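Q: Residue numbers (the numbering used here), protein chains in the order written: chain A, 369 to 618; chain B, 1073 to 1318.
Glycine is no exception: its CB is placed at the ideal position from the N, C-alpha and C atoms.
These numbers come from a predicted model, not from an experiment.
Here it is: the structure, laid out below.
What follows is the structure, given as structure tokens:
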């Protein structure tokens, strides 16, 4: 377990989050070490997306603390900007900018937020497009690409900000089955390069392959957290056993 | 094509007139007629300039009023509400009169008819523009904000590069409507003596006493102007669909 020996880059302590009367997160605590790959799974409505969205401030938690790379989230406006500069995010629905070409999607952040020169940003963008294996799509619009290609563009767009941490919020859930693997391959390659990652996904094959730590959530709580070998072979809680039985059936 | 068809219709109308019509007042073949025609057309520049200036200002003001309306802050939202409800409730003609005769007394400044017209038209239209922008911006998916946030864009960059380009494309038909509306409402500025199309027609009617023919020409002037605007807006809409090509 790397996480116990290395100072964590993400430290989530006793975080609670309410949507009006509904409590989406109940005193959740989680530590992620630099370079660690965490896979979060659980039934829908269990709070896993909310947890990930709290980490880069897309949702605001009401109690507890989230510290990312020594910056506490929510203390002030600057902390939010500091944290989102370190954290990349990939969404279930891709959320590419439909009115911009692939290349423009990738360079917008670097040029406007990182103040890079346009030509440098384009070089960077082309490098990352190469890395997600779609360099030839640079001048197309998102609509002209398949779902799998769009999601890879979204990953490249995040990487162009050169984040320390990548968050994936069900990145393959909106994809046709035959496109899932091309996205997972890119993610696995990213994992092997040493990126710190938190992935919300139900792709258990992928989880087995890349995860250092498995997290199972249900009803806003972390029910089980263990290394993948233990997680898949001997889950402790009954809820986790039931969940795994359901999704590993086929 | 449409313009040509219209001209043909106009010629037929002129040619086929009965004895009750006195088209001689605007007959381009006679000296008097052609000088009357050019007198009528001399208001065209003012109408266009007035409308374009007013709509340019109202688009900017409308956007600035729309943005607080999108805030989660209640005070900011109520600023938007109060402005829209108040301005929208004033008839344009009343606003023109008030700005021209009233504002110089309140603000102690001299306002010429052109700027009085521009201010009144722009103010009145800005409330509608604000609502159009608010609707357009609200129609953009929340994911676009989240993606902008995740690549560290500031609020103003998010609006400028991500949200507004998409919103404007969606509200372009409504903006075209407002421009047409503005061109028509600019005729009201004739009451304070602005020498635009309608004022010119009124003046000519007084000297020639041929209201039917002169106002018919006036109708056609607005019609042609607005058909040109419509065509231009449709061309712009097509141009902005570039990213929807397959």
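Using a Cβ cut-off of 8 Å, pull out every chain A residue sitting near residue 1211 of chain B, in sequence order please.
A: Stepping through the second chain from its first residue, residue 1211 of chain B is reached at position 139. Result: empty, since nearest Cβ-Cβ is about 13 Å, beyond 8 Å.
Q: Put residue 1229 of chain B into one of helix, strand or coil per three-state DSSP.
A: On the second chain, position 157 is the one that residue 1229 of chain B refers to. Residue 1229 of chain B: helix per DSSP, three-state reduction.
Q: Where are the alpha helix (DSSP H) runs, 4 residues long or more, that stay fully inside the region 444–510 of chain A, in chain order?
A: Within the region 444–510 of chain A, the alpha helix (DSSP H) runs of at least 4 residues that lie entirely inside it are, in chain order, 445–454, 470–480 and 486–499.
Q: Return no unless some Cβ of chain A is closer than 8 Å to the Cβ of residue 1208 of chain B.
A: The residue you call residue 1208 of chain B lines up with position 136 of the second chain. No, residue 1208 of chain B lies away from the interface with chain A (no Cβ there is under 8 Å from its Cβ).
Q: Jot down the residue ranges of each uninterrupted alpha helix (DSSP H) in the region 1105–1156 of chain B, minimum 4 residues, whole runs only, in chain order.
A: The alpha helix (DSSP H) runs of length 4 or more contained entirely in the region 1105–1156 of chain B are, from start to end of the chain, 1116–1141.
Q: Could you name the residues of the region 472–496 of chain A whose beta carbon sits closer than 7 Å to any beta carbon of chain B, in the order they occur along the chain?
A: For the region 472–496 of chain A, which is checked against every Cβ of chain B, the residues closer than 7 Å are 476, 477, 480 and 481.
Q: What are the boundary residues of the alpha helix (DSSP H) that residue 1302 of chain B is part of?
A: On the second chain, residue 1302 of chain B is found 230 positions in, with the first residue counted as 1. Bounds of the alpha helix (DSSP H) holding residue 1302 of chain B are 1283–1311.
Q: Which residue from A:571, A:505, A:380 and A:490 puts its Cα closest to that of residue 434 of chain A?
A: Against the first chain, residue 434 of chain A aligns to sequence position 66. That would be A:380, whose Cα lies nearest to the Cα of residue 434 of chain A.
Q: Give a yes or no on whether 8 Å exceeds the smallest Cβ distance from residue 534 of chain A to chain B.
A: Looking up residue 534 of chain A in the first chain gives position 166. For residue 534 of chain A, the answer is no, since every Cβ of chain B falls outside 8 Å of its Cβ.
Q: Give the C-beta separation of residue 1130 of chain B and residue 1197 of chain B to the nearest angstrom, bearing in mind that I take them to be a contact with Cβ-Cβ under 8 Å.
A: Against the second chain, residue 1130 of chain B aligns to sequence position 58. Against the second chain, residue 1197 of chain B aligns to sequence position 125. Sure, about 4 Å apart at Cβ, within 8 Å.
Q: For residue 1143 of chain B and chain A, any beta-carbon pair shorter than 8 Å?
A: By one-based count along the second chain, residue 1143 of chain B stands at place 71. False, the Cβ-Cβ gap to chain A never drops below 8 Å.
Q: In whole angstroms, what separates the C-alpha of residue 1179 of chain B from that of residue 1113 of chain B?
A: In the second chain, the residue the question calls residue 1179 of chain B occupies position 107. In the second chain, the residue the question calls residue 1113 of chain B occupies position 41. For residue 1179 of chain B and residue 1113 of chain B, the distance between alpha carbons rounds to 35 Å.
Q: Going by DSSP, which residues form a beta bridge with residue 593 of chain A?
A: Along the first chain, one-based indexing puts residue 593 of chain A at 225. Residue 593 of chain A pairs with A:583.
Q: By the 10 Å Cβ neighbour count, where 16 or more other Cβ atoms means buried, how is residue 372 of chain A classified, buried or exposed?
A: As a first step, residue 372 of chain A is located in the first chain; it is residue number 4 there, counting from the start. With a pLDDT of only 49 at residue 372 of chain A, under 50, the local geometry of the prediction cannot be trusted, and the value read off the model is given with reservation. Per the 10 Å Cβ criterion, exposed.
Q: Out of B:1289, B:1118, B:1174 and B:1191, which has the shortest C-alpha to C-alpha gap to residue 1094 of chain B?
A: Counted from its first residue, the second chain places residue 1094 of chain B at position 22. Nearest C-alpha to residue 1094 of chain B: B:1289.
Q: So, for residue 1195 of chain B: in the same chain, excluding its five sequence neighbours on each side, which residues have a beta-carbon less than 7 Å away from its beta-carbon?
A: Translated into the one-based positions of the second chain, residue 1195 of chain B becomes position 123. Answer for residue 1195 of chain B: 1159 and 1167, listed in chain order.
Q: Once DSSP output is grouped into helix, strand and coil, what is the label at residue 432 of chain A?
A: As a first step, residue 432 of chain A must be located in the first chain, where it is residue number 64. Strand at residue 432 of chain A.
Q: How about residue 1097 of chain B and residue 1275 of chain B: are their beta carbons less than 8 Å apart?
A: What you label residue 1097 of chain B is simply residue 25 of the second chain in a count that begins at 1. What you label residue 1275 of chain B is simply residue 203 of the second chain in a count that begins at 1. For residue 1097 of chain B and residue 1275 of chain B, no; Cβs fall outside 8 Å.
Q: Nearest CA to the CA of residue 412 of chain A: which residue from A:602, A:599, A:612 and A:587?
A: For the purposes of this step, residue 412 of chain A is taken as the residue at position 44 of the first chain. Ranking A:602, A:599, A:612 and A:587 by Cα distance to residue 412 of chain A puts A:587 first.
Q: Apart from the five residues on each side of it in sequence, which residues of its chain come closer than 6 Å, Cβ to Cβ, to residue 1309 of chain B?
A: Reading the second chain from its first residue, position 237 is the one you call residue 1309 of chain B. Only 1244 meet the Cβ criterion.
Q: Which runs of the beta strand (DSSP E) at least 3 residues long sit entirely within the region 1171–1259 of chain B? Give them in chain order.
A: none
Q: Considering Cα atoms alone, identify which of A:403, A:449, A:558 and A:464 is closest to residue 514 of chain A.
A: For this step, residue 514 of chain A is matched to residue 146 along the first chain. Selected option, being the one with the closest Cα: A:464.
Q: What is the DSSP secondary structure of residue 529 of chain A, counted as helix, strand or coil?
A: Position 161 of the first chain holds residue 529 of chain A. Looking at residue 529 of chain A - three-state DSSP - the assignment turns out to be coil, as it is neither helix nor strand.
Q: For residue 1176 of chain B and residue 1169 of chain B, what's the separation of their Cα atoms in angstroms?
A: In the second chain, residue 1176 of chain B corresponds to position 104, counting from 1. In the second chain, residue 1169 of chain B corresponds to position 97, counting from 1. For residue 1176 of chain B and residue 1169 of chain B, the distance between alpha carbons rounds to 11 Å.
Q: Can you name the start and end residues of the beta strand (DSSP E) that residue 343 of chain A belongs to?
A: Shown here, chain A extends from 369 to 618; a query on residue 343 of chain A therefore has no answer.
Q: Taking residue 1237 of chain B as the query, report the chain A residues whose CB atoms sit under 9 Å from its CB, ordered along the chain.
A: Indexing the second chain from 1 puts residue 1237 of chain B at position 165. Those are 465, 467 and 468, listed as they occur along chain A.
Q: DSSP three-state call for residue 401 of chain A: helix, strand or coil?
A: Taking the first chain and counting its residues from 1, the one referred to as residue 401 of chain A is at position 33. Strand.
Q: Do you know offhand how far residue 1318 of chain B's Cα is from residue 1226 of chain B's?
A: As a working mapping, residue 1318 of chain B is identified with position 246 in the second chain. As a working mapping, residue 1226 of chain B is identified with position 154 in the second chain. With a pLDDT of 48 at residue 1318 of chain B, under the threshold of 50, the modelled position of this residue cannot be trusted; read the value that follows with caution. Looking at the two C-alpha atoms, the distance is approximately 31 Å.
Q: Where residue 1223 of chain B and residue 403 of chain A are concerned, what is the direct C-alpha to C-alpha distance, given to the nearest angstrom?
A: Numbered from its first residue, the second chain carries residue 1223 of chain B at position 151. Numbered from its first residue, the first chain carries residue 403 of chain A at position 35. The straight-line gap from Cα to Cα measures roughly 21 Å.
Q: List, in order along the chain, the chain B residues whose C-beta lies closer than 9 Å to that of residue 506 of chain A?
A: Here residue 506 of chain A refers to the residue found at position 138 of the first chain. Those do not exist, as residue 506 of chain A stays about 14 Å from chain B at its closest Cβ, beyond 9 Å.
Q: From which residue to which residue does the beta strand (DSSP E) around residue 568 of chain A run?
A: Within the first chain, numbered from 1, the residue matching residue 568 of chain A stands at position 200. Taken as a continuous stretch (DSSP letters only), the beta strand (DSSP E) holding residue 568 of chain A covers 564–568.
Q: Out of A:500, A:450 and A:451, which has the shortest C-alpha to C-alpha gap to residue 474 of chain A?
A: What you label residue 474 of chain A is simply residue 106 of the first chain in a count that begins at 1. Taking only the C-alpha atoms, the option nearest residue 474 of chain A is A:500.
Q: May I ask you to report which of helix, strand or coil DSSP gives residue 545 of chain A?
A: Position 177 of the first chain holds residue 545 of chain A. In the structure shown, residue 545 of chain A sits in a helix (DSSP, three-state: H, G or I).
Q: Answer yes or no: do residue 328 of chain A and residue 506 of chain A have a C-beta to C-beta separation smaller than 8 Å?
A: In the structure as shown, chain A begins at 369 and stops at 618. Residue 328 of chain A is therefore absent and cannot be evaluated.
Q: Within the 8 Å Cβ cut-off, does residue 1269 of chain B reach chain A?
A: Mapped onto the second chain, residue 1269 of chain B falls at position 197. Output row for residue 1269 of chain B: interface = no.
Q: For a cutoff of 8 Å on Cβ pairs, would you count residue 1318 of chain B as touching chain A?
A: Sequence index remark: in the second chain, residue 1318 of chain B carries index 246 (1-based). Residue placement at residue 1318 of chain B is flagged as unreliable, the pLDDT there being 48, under the threshold of 50; the coordinate-derived value follows with that caveat. Judged by the 8 Å Cβ criterion, residue 1318 of chain B is in contact with chain A.
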